[in-house]
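Quick note, the sequence shown lines up with residues 1 to 245 if you use the UniProt record's numbering. We put the CB at the ideal spot given by N, CA and C, even for glycine. First comes the structure, then the notes that go with it.
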Amino acid sequence: MKAVVLAAGEGTRLRPLTENKPKGMVEVDGKPILTHCFEQLAELGADEFVVVVGYRKQDIISYYGDEYEGIPITYAHQREQSGLAHALLTVEEHIDDDFMLILGDNIFDANLADVVKRQREDRADAAFLVEQVPYEEAGRYGVCDTNDYGEITDVIEKPEEPPTNLVMTGFYTFSPAIFHACHLVQPSNRGEYEISEAVDLLIRSGRTIDAIRMDGWRVDVGYPEDREKAERLLRGEEVPEREVD
């Protein structure tokens, strides 16, 4: 299964750490965030990395070249930062089967393998790793709702008043059907082509998307303090927060 890694972001909120490097090259515990992503995807059986680059793309290409630990790397260029659905369309020509998707600014120590396993069971058209967060933090993410079967029924991108505190993390699996949905997405109020809108189109077309509850932890490295938190967790110096009800 191929693995798509989104790494086109500039990381303005991470400054000064990103003053002379792209977000994915910021080091966490001695190695770039992208290296953490590649390591985890390799453990999940990825047979090719398709990396979406943009801001200071040459820094990433020069560092990794055309392979990582024997796994080939293909690069796709997102010329404008116009949302995750827009970023996904840059890799469409490289994907012809189910694939993994990871946001290249997330550090995980969690049950990602459960998501891949569910996708391979052919029960669902997509599967997302989700977690419960404090309500005051939910508005930072794509908030989702589920039915009694654990299927996602609704996704709202960064709502001002979150209807639930169950949010999408930065790890997903999809079938190629997601690309057709991305082509239909219209710009949001933020002027971006949102992945949540593409997911909503999949749901409305009758596709099944399973929510896999996270067992473990993840850190979305959006601010310098997030990098510090990830380093403490990786070194065992901080206990992961318990699930929020």
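Going along the chain, which residues of its own chain have a beta-carbon closer than 7 angstroms to the beta-carbon of P162, five neighbours each way excluded? Y135, A138, G139 and V143
Which value, in whole angstroms, describes the spacing of the CA atoms of V4 and M214? 20 angstroms
Assign V28 to one of three DSSP states: helix, strand, or coil. Secondary structure at V28: strand, using DSSP grouped into helix, strand and coil.
In chain order, what residues of the same chain have a beta carbon less than 6 angstroms from the beta carbon of R123, not counting five sequence neighbours either side? none
Mind checking which residues open and close the beta strand (DSSP E) that includes E157? I152 to E157
Can you list, in chain order, the residues of its chain with a C-beta nearer than 8 angstroms to that of G216? Leave out the 5 residues immediately preceding and following it. F108, D109, A110, N111 and P240
Look up A197 in the DSSP assignment and say whether it is helix, strand or coil. Per the sequence presented here, residue 197 reads as Glu, with Ala not at that position. Three-state result, E197: helix.
Could you check where the beta strand (DSSP E) with Q40 kicks off and where it finishes? Q40: not part of any beta strand (DSSP E); member of the alpha helix (DSSP H) spanning I33 to E43, first to last residue.
Taking the straight line between their C-alpha atoms, what separation do you get for P176 and T18? The straight-line gap separating the alpha-carbon atoms of P176 and T18 is approximately 33 angstroms.
Which residues in the same chain have their Cβ closer than 8 angstroms to the Cβ of E151, if we skip the five residues on either side of it in sequence? Same-chain partners within the cutoff: A124, T208, I209, D210 and A211.
Residue environment, N106, which counts as buried when at least 16 other CB atoms sit within 10 Å: By the Cβ-count criterion, N106 is buried, with 16 or more other Cβ atoms from all chains shown falling within 10 Å of its own Cβ.
Cβ-heavy atom distance, E225 to the ligand COA, below 7 angstroms: Among the components of this structure there are no ligands whatsoever, and the ligand COA is therefore not found.
Pick from E69, L202 and D220: whose alpha carbon is nearest that of A126? Looking from the CA of A126, the closest CA among E69, L202 and D220 belongs to L202.
What residues match up with G216 in a beta bridge as DSSP calls it? A110
Would you identify the three-state DSSP class for P224, choosing helix, strand or coil? In the structure shown, P224 sits in a helix (DSSP, three-state: H, G or I).
Counting C-beta neighbours from all protein chains within 10 Å, is the total for residue 275 16 or more, i.e. buried, or is it exposed? Residue 275 cannot be examined here, being either before or after the span of the chain that is shown, 1 to 245.
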